[in-house]
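Once you know that position 696 of the sequence shown is 696 in the UniProt record's numbering, the rest is easy, because the numbers rise by one and skip nothing. Glycine included, C-beta positions come from ideal geometry on N, C-alpha and C. Worksheet for the structure shown next.
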Amino acid sequence: FVGEASTWGKGAYKAFNGRIFSFESSCTYTFCRHCVESGGDFNIEIKRNNNSDIEKVIVKIDSNDVTIFGDIILVNEESVQIPYNNKLIHIKKYGEHNVLNSRRGIMSLMWDKNNKLSLTLHKQYPTCGLCGDFNSTPGDDVNEHIANSKIPGDCPKAVSKSYDFCEDGVQHCDKIIGTYFEKCRKVTTLSSDYRTICIDEYCQNRDKNSTCDTYAELSRLCASDGPGTYISWRDDSDVVCEKPRCPEKHIYKECGPSNPATCSNVAPFQDSECVSGCTCPEGYLLDDIGEKGRCILKAKCPCESNGKIYQPGEVREGPCGSQCTCQEAKWSCTEALCPGRCKVEGSSVTTFDGVKYNHPGNCHFLAIHDKDWSISVELHPCPSGQSGTCLNSVTLLLNSSVSVDKYIFNRDGTVTNDKIRDQGHYYSDKMQIFKASSSYLQVETNFHVKMQIQIVPVMQLYVSMPPNQFTDTVGLCGSYNNRAEDDFMSSQNILEKTSQAFADSWEMMPCPKGNPTSCISIEKEKYAEKHCGILLDSSGPFASCHAIVNPKPYHEECKKYTCTCESSEDCLCTILGNYVKACAEKQTYIVEWRTGLCDHSCPSGLIFKYSVKACNSSCRSLSERDRSCDVEDVPVDGCACPDGMYQNNEGNCVPKSQCDCYLNDEVMQPGKLIHIDDNKWYEDYIYTCYDFKIKGLNNFLYPAENCSGGAEFVDCRDPKAQRRVDSTCSTRNIPSFDENLPCKRGCYCPIGMVRNSEGNCVFPEDCPCSFGGREYDQGSVTAVGCNKCTCIKGSWSCTHNECQTTCHIYGEGHVRTFDGKSYSFDGLCQYSFLEDYCGHENGTFRILTESIPCCENGLTCSRKIIVAFQDQNVVLHDGKVTAAKTTESKECDINGNTYSVHTVGLYLILKFLSGITIIWDKNTRVSVILDPHWNGKVCGLCGNNNGDLKDDFTTRYSSVATGALEFGNSWKTSQECSDTVAQAFPCDSNPYCKTWAMRKCEIIRDSTFRDCHNKVVDPSAYYDACVEEACACDMEGKYLGFCTAVAMYAEACSAVGVCVTWRKPELCPVYCDYYNAPGECSWHYEPCGTVTAKTCKDRVIGQKFSALLEGCYAKCPDSAPYLDENTMKCVSLSECSCFYNDVIPAGGVIQDNCGRTWYIL
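Structural data, given as structure tokens:
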């Protein structure tokens, strides 16, 4: 901090320059203010009453007016409770004190109910008022200083006290101050002044009790040194100051933790020195979950879930049949055996492991492939009246050693298979198919794979797979192995970087490319903008699910999709239905959402239901056991019969007495006796006759052809001829779904050969490999992360090294976890970004993050990062790195060998020996890179780094949160900070900026980064984050959010070898000439550089880092060959400076925290 001013007792004051004085007055005074003519950052006024007790404190800071009357606190004229947060200030309990912190890092104001008020400034300001300035005010004339600080008004003038003196007082104060306080760092130089105040208080009243306020103030100052002799001052026989009374089981400590251990955080970070106040005894924790404020044993700590409190040992139901037991404030759950769920919703696909992507396909794609079964999907441009991609059909293939069974589910709801006679119902020993409602088909196989196929208003597919059974599937749906990182494994056995290249690899035949969606008219765009907003309405029908499933991605998808349709209502209701279905998957059921625009009309006799049960609802169920009752899946909506009515074979609802009957799949009308003949032969005859005609017609229409590229002609004249499938190099690994179809004349490669991209027939081992949309010859090597992949016999063979993982945060809380989950959370507290404590009492490091707002609108303009490890805290703030020994440390030396700091371009890099690297842009962006040995051993806002996307929201309490708010709040470092209840991002606050932001961020998707798009870095997530940042358009020039977002994408491109020069003089310029002295030209901007000069720190050429980072780089001349990273100058070795929480020039002298003197050589 820069300085501290305080007042205590009956009118004692200490100014910033160390001058101590006393006076008594009931007038209002300026305690301290930013001394400028207008628009100062802060202003604090104080008024004491006639007894000289503090009556009122008024604080104006960052557009907030705070008034303090004893226990009453008003913020902008409204009464608030502690803790209190808004975008710019934070008020909390601090031991027996209260403290108001500026979130911009300007100041901290601490007070208690015993006339104590202390102001700490964290930045240098010109100040005036009773606090004085940092130089000569107050000087010798204290009375003038007091008069100048008085608020004008009808109030008598006050003068400085003349101090009383008596021997008893000298003896008493000398003993207590000399024994307990004099050696404290903040007291030593001013001990005689404090003695003077103490003696005066004693002598005026001849009462030892009068000195208590001064002793308490000295104890507060000593706390910055950590525990010491001062902690026992109240126990001295000459001291009559009573210890404050504490609630049950609490004890009073002169030096207790500033952030006490609680049930929810057993090993909290101590963000400052110890404080005096009531705390729990050793071995007890503060209950912040159940009966808040009690001291209880750790084993007695309760748990919380969905607002309900559970006592230790109580059990609740977890997801998917798991059981969760409350143990020491954390949940211990049995394994949740959740089914994997893949979705194909138009061009949007969600894999089993939760990765969502878009692919505008125009082909048959292999969605899921296992050795015994496969599912393919047919995606094509939507029919007229709608742009984009639609699902046309789904094919299920069941393989066995005897035969292949194929079921085609068409967009009109029909099912194609020779065995199916009743479209509404089919059952065999392999599978069953039935209509779950008028809108859905339900399928379940005998190996427990389920499909829900939505028919109305558009076709969509939902596949559920049992856990731990099919972990090696491939295709568009990825594999269900709880490792999202391998979901983009292509048919060529290589991990693709983009969804486009990945999905293309699973095309089952050569196909034209699909077209992305686009709005068909301005009118439709306005319609979408108007009606999709219902998804975000906090009082609308979907609000109950907002905390469970984030509606924002669905809102964006709704606007894009709805404006592509001629029938906008159908498309709007499709996306709204997709959100409802996602909520139902999380056991949150939404009803009555269709009222109005999405009303569903039903045929006569049927009624609409939000949750349709097919079980025992048909006439067939009265004749035989209804096997649909055995199928459990996510509830669906649609038209069904009213309760007490049954659906007959014609689809009509009838009472039980009018139901038709069923016997061996034959239908009998009620009251009629029907003789059933065996018609099987006749049907076979018809089919054979028709097949024969088709074959004859083919031979007549298509004479023999000449084939090229080594192909041979197949004419199908042989009655035993089977259908040939012409595989290509790109589809040879994909199973064919056409084995049992009739022979088709044409040119085919000889059996055992495939076509290459030039149309020639080759052996599969002679095929090239493909990656990222390019072909690679045999023997080619390419890098995928830290692994090398080699093209061998037409397929990739890759090493399987464990790679480093990266988590980053930037802008208004945009986070991408180690496992690849992207979310936004920008709370008002300090949070654990990454740690290895994870709910336990022992750990080795913490990385904490706190957003620092701009003055205007409270936007996040920078981040304060604290890396706490061993006995020190490394702080990244205000563009520099500082290190401080913790007060608990007994060692005087800070071990400087555990990490190193480097300036690389625009960034600071901290490398820790423990395998942690931090990259900081000195503003809002922070990246943490972990070596592989940290996999699965960390937690915090960055997730748990175990490869599983679905459990990234694991809270401090070991439960999985449903949304970013619950997850983020669980990782705050102190309970003395309010939970974030709702988040407002720039596009919410400035909707008028949205169009401008989208246009500005188009740079990420346009030709500027074309090479990067081709090199497989998907721009979509970066574009979305950029739009959110650029919505602060009214602060362009002051707010770097847009530039940071584009820089993040540029860096991702650099990581795959594509260097893009995107900055321009009018677009996020970087001025490297600032570092050049007049006439020099050592410094230049490089979009992808690294340090190549010798540095004062390393003294070796070419300090290399894994990342190539943009920024200013020096080419130092021979006369000054060393880069001084502290001053950013090229210097000789003798001119190198040092850094000890500030730049120390060569030849300088400093004194460290231990009082030792160091000379910079």
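By the 10 Å Cβ neighbour count, where 16 or more other Cβ atoms means buried, how is residue 124 classified, buried or exposed?
Against the sequence shown, residue 124 aligns to sequence position 124. Result: exposed.
Between 654, 590, 666 and 159, which lies nearest to residue 635 when the distance is taken from Cα to Cα?
The residue labelled residue 635 in the question sits at position 635 within the sequence shown. Nearest C-alpha to residue 635: 590.
Minimum length 4: unbroken alpha helix (DSSP H) runs contained in the stretch 479 to 545:
499 to 504 and 522 to 531
According to DSSP, is residue 863 helix, strand or coil?
The count along the sequence shown starts at 1 and reaches residue 863 at position 863. Residue state, collapsed to three classes: strand.
Nearest CA to the CA of residue 116: which residue from 303, 816, 809 and 5?
Along the sequence shown, read from residue 1 onward, the residue named residue 116 stands at position 116. Checking every option, the nearest Cα to that of residue 116 belongs to 5.
Look at the Cβ atom of residue 582, then the Cβ atom of residue 477, and state whether they are nearer than 7 Å.
As a first step, residue 582 must be located in the sequence shown, where it is residue number 582. As a first step, residue 477 must be located in the sequence shown, where it is residue number 477. Contact flag unset, no.
Do residue 223 and residue 255 count as a contact pair if the criterion is CB distance below 7 Å?
Mapped onto the sequence shown, residue 255 falls at position 255. Mapped onto the sequence shown, residue 223 falls at position 223. Yes, the Cβ-Cβ distance between residue 255 and residue 223 is below 7 Å.
Tell me residue 444's beta-bridge partners as DSSP assigns them.
Here residue 444 refers to the residue found at position 444 of the sequence shown. According to DSSP, residue 444 bridges with 432 and 450.
Would you report the Cα separation of residue 1007 and residue 1001, rounded to the nearest angstrom?
In the sequence shown, the residue the question calls residue 1007 occupies position 1007. In the sequence shown, the residue the question calls residue 1001 occupies position 1001. If I take the Cα positions, the gap works out to 12 Å.
Hey, residue 258 and residue 272 are a contact pair by Cβ (cut 8 Å); roughly how many whole angstroms apart?
Stepping through the sequence shown from its first residue, residue 258 is reached at position 258. Stepping through the sequence shown from its first residue, residue 272 is reached at position 272. Indeed they touch by this definition, with Cβ atoms about 5 Å apart.
Is residue 228 near the ligand SAM, with its Cβ less than 6 Å from a heavy atom?
By its list of ligands, the structure shown contains no ligand whatsoever, and the ligand SAM lies outside what it can speak to.
Taking three-plus beta-carbon pairs below 8 Å as touching, is the stretch 341 to 361 in contact with the stretch 301 to 320?
no
Is there contact between the stretch 451 to 466 and the stretch 312 to 328, where contact requires at least three CB pairs shorter than 8 Å?
no
Alpha helix (DSSP H) segments (min. 4 residues) lying fully within the stretch 576 to 641:
620 to 623
Looking at the unbroken alpha helix (DSSP H) that takes in residue 553, where does it start and where does it end?
Your numbering for residue 553 matches position 553 in the sequence shown. Element bounds for residue 553: 552 to 562.
Check residue 1003 in the structure and name its three-state DSSP category.
Numbered from 1 along the sequence shown, position 1003 holds the residue referred to as residue 1003. Residue 1003: helix per DSSP, three-state reduction.
Strand pairing of residue 410, partner residues [DSSP]:
The residue labelled residue 410 in the question sits at position 410 within the sequence shown. Answer is 393.
Between the alpha carbons of residue 187 and residue 205, how many angstroms are there, rounded?
One-based indexing of the sequence shown puts residue 187 at position 187. One-based indexing of the sequence shown puts residue 205 at position 205. C-alpha separation (whole angstroms): 25 Å.
Is it buried or exposed, residue 846, if we count other Cβ atoms within 10 angstroms and call 16 or more buried?
In the sequence shown, counting from the first residue as 1, residue 846 sits at position 846. Residue 846 should be labelled buried.
Give the DSSP-derived three-state secondary structure of residue 156 in the structure shown.
Residue numbering aside, residue 156 sits at position 156 when the sequence shown is read from its first letter. Residue state, collapsed to three classes: coil.
Leaving aside the five residues before and after residue 20 along the sequence, list all residues of the same chain whose C-beta is less than 6 Å from its C-beta, in chain order.
Taking the first residue of the sequence shown as 1, we reach residue 20 at position 20. Counting only Cβ-Cβ distances below 6 Å, and skipping sequence neighbours, we find 14 and 193.
Expressed to the nearest angstrom, what Euclidean distance is found between the alpha-carbon atoms of residue 1044 and residue 962?
In the sequence shown, residue 1044 corresponds to position 1044, counting from 1. In the sequence shown, residue 962 corresponds to position 962, counting from 1. Residue 1044 and residue 962 have their C-alpha atoms some 29 Å from each other.
Nearest residue (CA-CA) to residue 1127, options 992, 1119, 1138 and 1117
By one-based count along the sequence shown, residue 1127 stands at place 1127. Out of 992, 1119, 1138 and 1117, 1138 has the C-alpha closest to the C-alpha of residue 1127.
Which residues DSSP lists as bridging residue 783, in chain order:
As a first step, residue 783 is located in the sequence shown; it is residue number 783 there, counting from the start. 788.
Quick one: any contact between the stretch 806 to 825 and the stretch 498 to 518, if contact means 3 or more CB pairs under 8 Å?
no
Evaluate the contact criterion for the stretch 905 to 920 versus the stretch 1108 to 1124: three or more CB pairs, one atom per stretch, below 8 Å.
yes
Can you list, in chain order, the residues of its chain whose CB lies under 8 Å from that of residue 532, leaving out five sequence neighbours each side?
Locating residue 532 in the sequence shown gives position 532, where the first residue counts as 1. Only 555, 558, 559, 562, 572 and 575 meet the Cβ criterion.
When we look at the beta-carbon of residue 335 and count the other beta-carbons within 10 Å, is it buried (16 or more) or exposed?
Within the sequence shown, residue 335 is the residue found at index 335, counting from 1. By the neighbour-count rule (16 or more Cβ atoms within 10 Å), residue 335 is not buried but exposed.
Check whether the Cβ atoms of residue 661 and residue 623 sit closer than 7 Å, and answer yes or no.
Reading the sequence shown from its first residue, position 661 is the one you call residue 661. Reading the sequence shown from its first residue, position 623 is the one you call residue 623. For residue 661 and residue 623, yes; Cβs fall inside 7 Å.
Could you say if the stretch 945 to 959 and the stretch 818 to 829 meet the contact criterion of at least three C-beta pairs nearer than 8 Å?
yes
From 390, 290, 536 and 456, pick the residue whose C-alpha is nearest to that of residue 412; which is it?
Taking the first residue of the sequence shown as position 1, residue 412 is located at position 412. It is 456.
Between the C-alpha atoms of residue 617 and residue 647, what's the straight-line distance to the nearest angstrom?
The residue labelled residue 617 in the question sits at position 617 within the sequence shown. The residue labelled residue 647 in the question sits at position 647 within the sequence shown. Cα to Cα, the separation comes out at about 7 Å.
Contacts around residue 300, its chain only, beta-carbon distance under 7 Å, and the 5 residues preceding and following it disregarded:
Sequence index remark: in the sequence shown, residue 300 carries index 300 (1-based). Only 312 meet the Cβ criterion.
Can you tell me whether DSSP reads residue 1174 as helix, strand or coil?
The question about residue 1174 has no answer here: the residues shown for the chain are numbered 1 through 1161.
According to the neighbour-count rule (16 or more other Cβ atoms, all chains shown, within 10 Å of its Cβ), is residue 956 buried or exposed?
Taking the first residue of the sequence shown as 1, we reach residue 956 at position 956. It counts as buried.
Let me check one thing: in DSSP terms, what residues is residue 1089 bridge-paired to?
By one-based count along the sequence shown, residue 1089 stands at place 1089. According to DSSP, which records beta bridges pairwise, residue 1089 is partnered with 1109.
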